[in-house]
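Peer 1: Below you'll find the structure I mean.
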Amino acid sequence: MGQLTGKVAVVVGASGQKNFGSSIARRLAAAGAKVVVSARRKEPLEELATEIGGLAVACDVTDESQIANLFSTAKAEFGSVDIAVNSAGGMGGGPIADVTAEDMLPTLQVSFMGAILIFKHAAAAMDNGGSIITISSLTARLPGPGLGIYAGARAGIDYALKVAAIEYAEQKIRFNSIAAGLIETDMTAGLFAVPGLVDGFTSVIPAGRMGTVDDVAEAALWLADEKASGFVNGQLIDLAGGQQMGRLPG
């Protein structure tokens, strides 16, 4: 019997071989949860769903009808939803002097608007309270050039979840965010090949090492577990080895 036995989790953004969503899905399943994995393309999800004994449902978070279908499908299949994790995101960037409305929209649709709609439909599927977790970024705390769109969207949803925690208090639904530092994933692997990057980061991280996808998965498990973190609500959990107290490497 795992600590999440009998619970149902939906993890959005879980199609990568090595990313936050897939790592979290594996960890929640190992703890006993029934896990619904989701991303835009269903094919990459099927292998993960088979591996963890879960269910794969395609969902583009820029389309509210698909978000609604994701959570209604999870509820129809398993009876209710207890945990929702949103790790979907896009890396829009560039100097503010050069940005256009068209540049901003894709990132805002995924990282802010989509996240709000996940709050809405996940909460609607939770009959007995629950935990809704967003994966955010260290860059929402520490500014850097070219990050106005991406980090601004992340910071916006980190604040919106505090509002959600108040609005859904009577339903006993908790909202929290994990602000991850730079971690090697499918999306960031190219950065880790840049000479000196890891040394530059570890020099400003008090913990003396880079974070891992397993670090994120363990934090998500803690926030998902009502017994472990049931009194934690409306919080941004820094997962950056202490780097959030300092700066991005120059």
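Heads up: take any position in the sequence shown, counting from 1, add 1, and you land on the working numbering. Glycine included, every Cβ here is placed at the ideal spot set by N, Cα and C. On a predicted model such as this, the values are computed, not experimentally measured, just so you know.
(1) Locate the alpha helix (DSSP H) running through Asn70, then write down its first and last residues.
(2) Around the C-beta of Lys228, are 16 or more other C-beta atoms found within 10 angstroms, so that it is buried, or is it exposed?
(3) Out of Val195, Leu139, Gly209, Gly157, state which residue places its alpha-carbon closest to the alpha-carbon of Ala183.
(4) Counting only the same chain and skipping the five closest in sequence on each side, list residues whose C-beta sits under 7 Å from that of Lys43.
(5) Could you check the C-alpha separation between Ala218 and Asp104 for me, to the nearest Å?
(6) Does the pairing of the region 208-226 with the region 152-170 give three or more beta-carbon distances under 8 Å?
(7) Residues bridged to Gln236 by DSSP?
(8) Does the separation of the CB atoms of Thr108 and Gly93 fall below 7 Å?
(9) Can you list the beta strand (DSSP E) stretches of 3 or more residues lying completely in the region 100-185, in chain order?
(10) Give me whichever residues DSSP pairs with Gly212 in a beta bridge.
(11) Does the region 111-126 touch the region 76-92, meaning 3 or more C-beta pairs lie closer than 8 Å?
(12) With H, G and I counted as helix, E and B as strand and the rest as coil, what does DSSP make of Ser204?
(13) Here's a check: name, in chain order, each residue in its chain whose Cβ is nearer than 7 Å to the Cβ of Leu148, leaving out the five neighbours to either side.
(14) Is the CB-CB distance between Ala180 and Ser137 below 7 Å?
Peer 2: Quick answer:
(1) 65-79
(2) exposed
(3) In the sequence as displayed, the identity of residue 183 is Leu instead of Ala. Of the candidates Val195, Leu139, Gly209, Gly157, the one whose C-alpha sits nearest the C-alpha of Leu183 is Leu139.
(4) Ala57, Ala59
(5) 31 Å
(6) no
(7) Asn177
(8) yes
(9) 131-138, 174-181
(10) Ile184
(11) yes
(12) coil
(13) Gly94, Thr140
(14) yes
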